[in-house]
Each structure stands twice: as C-alpha cells, then as structure tokens.
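Throughout the sequence shown, residue numbering follows numbering that gives the first Met the number 0, covering 0 to 295 in sequence. All residues carry an ideal CB built from backbone N, CA and C; glycine is no exception.
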Amino acid sequence: MEYEVLELATEEECDSSTVSKRSRNSPPSRTANDQLLFGKTVKCLASEEKFLSLGCPHLDSVLRGGFVNRGITQIYGAAGTGKTQIALQLCLTVQLPIVHGGYEAGAVYISTEGAFPSRRLQELLRESNLTKKFNVTADIIFVTTIHGENTIQELENCIVQKIPHLMATRKIGLLILDSIAAPYRAGYSLNTFGDRAKSLWNIANQLHNLASQYKLTVICINQVSAAISFNNYEVIHPTEQPTLGITWANMITNNFYLCRTGDCRYLYTMQSSYLPRTHIEYRITGSGVSGVCKNK
0 MEYEVLELAT EEECDSSTVS KRSRNSPPSR TANDQLLFGK TVKCLASEEK FLSLGCPHLD
60 SVLRGGFVNR GITQIYGAAG TGKTQIALQL CLTVQLPIVH GGYEAGAVYI STEGAFPSRR
120 LQELLRESNL TKKFNVTADI IFVTTIHGEN TIQELENCIV QKIPHLMATR KIGLLILDSI
180 AAPYRAGYSL NTFGDRAKSL WNIANQLHNL ASQYKLTVIC INQVSAAISF NNYEVIHPTE
240 QPTLGITWAN MITNNFYLCR TGDCRYLYTM QSSYLPRTHI EYRITGSGVS GVCKNK
C-alpha cells in the first residue's frame with residue numbers, strides 16, 4: 000500500500016509565562032507550584048487548542064472556529080448527506096494560514112469506501128474561493144485506499160505504523176478516515192465481536208495518540224444504523240445512530256450528525272467537549288459546503 004500524492008510550519012507551543020520575583024517573605028508562586036504538581040495550566044492548554052476552519056463563516060460561527068485538534072471528531076449520517084464533501088473541504092482549509100483558520104499543513108486521507116473522490120476534489124480546487132484567495136493545491140494531500148480481504152489488518156497497520164512514519168517526515172495537520180465503518184461492516188461475524196472491539200480500541204487509541212502528539216485534527220466518517228430506542232431532541236431523523244456500537248462510541252470526543260430532509264441538509268452537534276447542542280442548515284454546491292444564514 001502506497002501513499003498517492005493528490006506534498007507542510009511547526010505547531011505553535013504554549014508560551015510559558017514568567018513568574019515575577021517575590022520578596023523573601025512572600026509566599027511561593029501558586030502558578031509555579033501548580034505547574035510543578037499538575038503540569039500545564041488551563042490557560043496553557045487553551046492556548047494549545049486550535050480549531051480547523053470549514054472555510055465558511057456561518058459554519059465556523061456555530062462550531063466556534065471549526066473542528067478542534069484534540070481527540071477524535073466523528074461525522075456520521077446517511078448516504079448523500081455530505082460527509083465526504085466536508086472531509087474534502089477540510090483538506091483545503093488545513094492548508095490555509097493560521098490567521099485564517101488553517102494549520103499551514105497537509106492532510107492524510109484514508110479511503111476505505113472504494114476509489115478516492117479525486118474528481119470532486121479537482122472540482123473544489125477549480126471552483127472554491129479558497130483556492131482563488133490562497134495557495135491551496137492537491138500537492139500536500141496524501142491519499143491511501145484500503146480495500147480487499149485484509150482491510151481491517153491493513154487499516155490497523157496504516158494507522159499504527161505508516162501514519163507515524165509519514166508524520167515524522169511531513170507536516171500534517173489533518174487526518175481523515177473515510178470511513179471507519181466500511182472495514183468492519185463485513186469483516187466480522189456474530190462470533191467475533193470481541194475481536195472487533197479490540198481492533199476498534201487499538202485504532203481509536205492510536206488516533207488519540209496521534210492527535211495529542213502532533214496536534215492533529217482527526218476526522219472519522221461513520222455510517223448510520225437504525226436506533227432501537229431514542230429520544231426526540233430536535234433531531235430531524237431520530238431513528239438513526241452511528242454504527243460500531245458502544246466500544247467505538249466511548250472513544251469519540253466530538254460527535255456531529257448530518258441529516259437531510261427534502262432539499263435541506265442539517266449539521267447537528269450531538270456530543271462535544273466544547274460545544275452545546277446546536278444545529279445549522281448547510282448546502283453543497285460546486286464550490287463547496289456552506290452554511291445557510293437565517294438572518295437574511
């Protein structure tokens with residue numbers, strides 16, 4: 000399995016604040032003591048946290064800047080809701096300057112759903128305002144396609160071994176797995192749920208490690224299955240839930256649900272470490288994904 004190039008400035012680290020000198024009778028600095036006991040302060044951690052813009056001010060406003068570079072962000076929904084469209088757009092925005100919501104870095108795209116949608120990416124590169132305003136290209140989008148009989152083993156090998164090697168040689172700000180569900184859809188039977196749970200845990204644990212070590216935004220696309228029980232909390236299609244069960248669900252940091260009713264598409268915040276429950280309507284055009292402003 001090889002990476003296909005469809006080629007990255009180092010991450011800004013938290014500035015350590017200097018502790019002012021005190022007189023001999025003054026008590027020790029609480030900040031200094033706290034950092035010795037617990038490591039980084041909340042202020043320091045907040046300064047390390049970055050958000051990857053979606054390239055649309057309406058979407059970024061609802062998401063408070065975009066998708067965070069911490070943990071695993073899951074985007075799930077039925078076919079045709081725009082999951083891959085958002086993933087491709089993020090491959091462009093990650094290249095933007097930091098002041099414009101990007102990371103000035105490249106992207107890794109792991110495709111398990113068949114051929115990578117290169118035609119759609121080329122269309123975005125032609126039509127998107129991002130490419131017209133900034134130096135956005137396909138040269139630093141690294142694509143690998145995983146499929147066949149040993150899909151699950153290849154996926155684990157890719158994430159555990161090959162991705163860290165690429166990270167050591169390239170500046171990568173975004174990792175997309177599209178999708179996490181496909182390898183496990185037919186790779187396990189009812190008698191091997193334990194093996195599936197172990198494999199999912201290994202992959203999720205490595206993704207968390209990569210996000211933490213390299214300050215990556217990690218996006219995992221997931222499919223939906225019918226919900227046996229549900230509540231009707233302002234969700235348009237409450238009978239849909241992400242696939243792969245409780246093991247995978249417990250490893251997710253931020254959860255976003257895409258749904259469609261008629262000609263309207265909606266993005267819902269279902270679970271997030273930094274966002275309340277909210278939603279926004281969006282549309283998909285030749286130039287990309289954009290939010291619908293209701294104040295017009």
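> Under the three-state reduction of DSSP, which class applies to glycine 172: helix, strand or coil?
Replying inline: Position 173 of the sequence shown holds residue 172. Looking at glycine 172 - three-state DSSP - the assignment turns out to be strand.
>> For serine 110, list the residues DSSP reports as bridge partners.
In response: To locate residue 110, count along the sequence shown from 1; it is residue 111. Note: serine 110 sits in a beta bridge opposite Thr144, Asp177.
> Taking Cβ positions, are tyrosine 267 and asparagine 253 nearer each other than 9 Å?
Replying inline: As a working mapping, residue 267 is identified with position 268 in the sequence shown. As a working mapping, residue 253 is identified with position 254 in the sequence shown. No.
>> Between leucine 243 and alanine 180, how many whole angstroms is the CB-CB distance? I'm expecting something under 8 Å.
In response: Here residue 243 corresponds to residue number 244 of the sequence shown, with the count starting at 1. Here residue 180 corresponds to residue number 181 of the sequence shown, with the count starting at 1. That pair is a contact at about 6 Å.
> Between the beta-carbon of serine 178 and the beta-carbon of valine 142, is there less than 9 Å?
Replying inline: Within the sequence shown, numbered from 1, the residue matching residue 178 stands at position 179. Within the sequence shown, numbered from 1, the residue matching residue 142 stands at position 143. Cβ distance not < 9 Å, so serine 178 and valine 142 don't count as in contact.
> Do you know how far the Cα of methionine 250 is from the Cα of asparagine 204?
Replying inline: Your numbering for residue 204 matches position 205 in the sequence shown. Your numbering for residue 250 matches position 251 in the sequence shown. So the alpha carbons of these two residues sit roughly 8 Å apart.
> In terms of DSSP beta bridges, what is alanine 225 paired with?
Replying inline: As a working mapping, residue 225 is identified with position 226 in the sequence shown. For alanine 225, which the question treats as bridged, DSSP gives the partners Glu239.
>> Rounded to the nearest angstrom, what separates tyrosine 281 and lysine 132 at their Cα positions?
In response: In the sequence shown, counting from the first residue as 1, residue 281 sits at position 282. In the sequence shown, counting from the first residue as 1, residue 132 sits at position 133. The alpha-carbon atoms of tyrosine 281 and lysine 132 are separated by roughly 22 Å.
> Comparing alpha-carbon positions, which option in Leu154, Lys170, Thr144, Leu165 lies nearest glutamine 94?
Replying inline: Here residue 94 is taken as the residue at index 95 of the sequence shown, counted from 1. Considering only alpha carbons, the answer is Lys170.
> Terminal residues of the continuous beta strand (DSSP E) containing glutamine 160?
Replying inline: Walking along the sequence shown from the start, residue 160 turns up at place 161. Looking at the DSSP string, glutamine 160 is not in any beta strand (DSSP E), and its letter there is neither H nor E.
>> I'd like the span of the alpha helix (DSSP H) that includes threonine 277, first residue to last.
In response: The residue given as residue 277 occupies position 278 in the sequence shown. Unbroken run through threonine 277: none, as it is neither H nor E.
> Helix, strand or coil: how does DSSP classify valine 288 here?
Replying inline: One-based indexing of the sequence shown puts residue 288 at position 289. Here valine 288 sits in strand by DSSP.
> Thinking C-alpha only, which one of Ala114, Arg195, Gln88 is nearest threonine 246?
Replying inline: By 1-based counting over the sequence shown, the position of residue 246 is 247. Ranking the options by Cα distance to threonine 246, first place goes to Arg195.
> Are the beta-carbon atoms belonging to leucine 206 and isoleucine 158 less than 9 Å from one another?
Replying inline: As a first step, residue 206 must be located in the sequence shown, where it is residue number 207. As a first step, residue 158 must be located in the sequence shown, where it is residue number 159. Cβ distance < 9 Å, so leucine 206 and isoleucine 158 count as in contact.
> For glutamine 121, does the count of other Cβ atoms within 10 angstroms reach 16, so buried, or fall short, so exposed?
Replying inline: Position 122 of the sequence shown, counting from 1, holds the residue named residue 121. When all chains shown are included, glutamine 121 counts as exposed.
>> Between which residues of its own chain and tyrosine 102 is the CB-CB distance below 6 Å, once the five residues before and five after are set aside?
In response: Translated into the one-based positions of the sequence shown, residue 102 becomes position 103. Only Val93, Gly172 meet the Cβ criterion.
> From tyrosine 213 to proline 56, what does the alpha carbon distance come to, in whole angstroms?
Replying inline: Taking the sequence shown and counting its residues from 1, one reaches residue 213 at position 214. Taking the sequence shown and counting its residues from 1, one reaches residue 56 at position 57. C-alpha separation (whole angstroms): 26 Å.
> CB valine 217 to CB glycine 76, shorter than 9 Å?
Replying inline: Within the sequence shown, numbered from 1, the residue matching residue 217 stands at position 218. Within the sequence shown, numbered from 1, the residue matching residue 76 stands at position 77. No, the Cβ-Cβ distance between valine 217 and glycine 76 is not below 9 Å.
> Which residues bound the alpha helix (DSSP H) around arginine 119?
Replying inline: As a position in the sequence shown, residue 119 is number 120, starting the count at 1. Here the alpha helix (DSSP H) through arginine 119 covers 117 to 126.
> Looking at the unbroken beta strand (DSSP E) that takes in glycine 76, where does it start and where does it end?
Replying inline: In the sequence shown, residue 76 corresponds to position 77, counting from 1. Element bounds for glycine 76: 71 to 76.
> Would DSSP call phenylalanine 133 helix, strand or coil?
Replying inline: Translated into the one-based positions of the sequence shown, residue 133 becomes position 134. Three-state DSSP puts phenylalanine 133 in coil, outside helix and strand.
> Rounded to whole angstroms, how far is the Cβ of isoleucine 283 from the Cβ of glutamine 73, which I believe are closer than 8 Å?
Replying inline: Counting from 1 along the sequence shown, the entry for residue 283 is found at position 284. Counting from 1 along the sequence shown, the entry for residue 73 is found at position 74. So it is not a contact: roughly 20 Å between Cβ atoms.
>> Here's the rule: buried if 16 or more other CB atoms are within 10 angstroms of the residue's CB, otherwise exposed. What is glycine 290?
In response: Against the sequence shown, residue 290 aligns to sequence position 291. By the 10 Å Cβ count, glycine 290 comes out buried.
> For alanine 137, is the classification buried or exposed, using 16 other Cβ atoms within 10 angstroms of its Cβ as the cut-off for buried?
Replying inline: Counting from 1 along the sequence shown, the entry for residue 137 is found at position 138. Result: buried.
>> Let me confirm a value: tyrosine 232 is counted as buried when at least 16 other C-beta atoms fall within 10 Å, else exposed. Which label applies?
In response: Reading the sequence shown from its first residue, position 233 is the one you call residue 232. With a pLDDT of only 44 at tyrosine 232, under 50, the local geometry of the prediction cannot be trusted, and the value read off the model is given with reservation. It is exposed - the Cβ of tyrosine 232 has fewer than 16 other Cβ atoms within 10 Å.
>> With a threshold of 7 Å on Cβ separation, who are the neighbours of glutamate 11 within its own chain once the five nearest residues in sequence on each side are excluded?
In response: As a working note, residue 11 is residue 12 in the sequence shown. For glutamate 11, the predicted structure reports a pLDDT of 41, less than 50, and the residue's modelled location is therefore unreliable. A value from the coordinates is still provided. None.
>> So the candidates are Ala104, Arg63, His99, Ala248; which of them puts its Cα closest to the Cα of tyrosine 140?
In response: Here residue 140 is taken as the residue at index 141 of the sequence shown, counted from 1. The residue asked about is misnamed: residue 140 is isoleucine in this sequence, not tyrosine. The shortest Cα separation from isoleucine 140 among Ala104, Arg63, His99, Ala248 belongs to Ala104.
> Just how far apart, CA to CA, sit glutamine 270 and isoleucine 71?
Replying inline: By 1-based counting over the sequence shown, the position of residue 270 is 271. By 1-based counting over the sequence shown, the position of residue 71 is 72. Cα to Cα, the separation comes out at about 12 Å.
> Just checking my contact of isoleucine 162 with leucine 209 at CB under 8 Å: how many whole Å lie between their CB atoms?
Replying inline: Numbered from its first residue, the sequence shown carries residue 162 at position 163. Numbered from its first residue, the sequence shown carries residue 209 at position 210. That belief holds up - the Cβ atoms of isoleucine 162 and leucine 209 are roughly 6 Å apart, short of 8 Å.
> If we ignore side chains and look at the alpha-carbon of each, how far apart do lysine 49 and histidine 146 end up?
Replying inline: Looking up residue 49 in the sequence shown gives position 50. Looking up residue 146 in the sequence shown gives position 147. Answer to the nearest angstrom: the Cα atoms are 33 Å apart.
> Are leucine 87 and asparagine 68 close, meaning C-beta to C-beta below 9 Å?
Replying inline: Here residue 87 is taken as the residue at index 88 of the sequence shown, counted from 1. Here residue 68 is taken as the residue at index 69 of the sequence shown, counted from 1. No.
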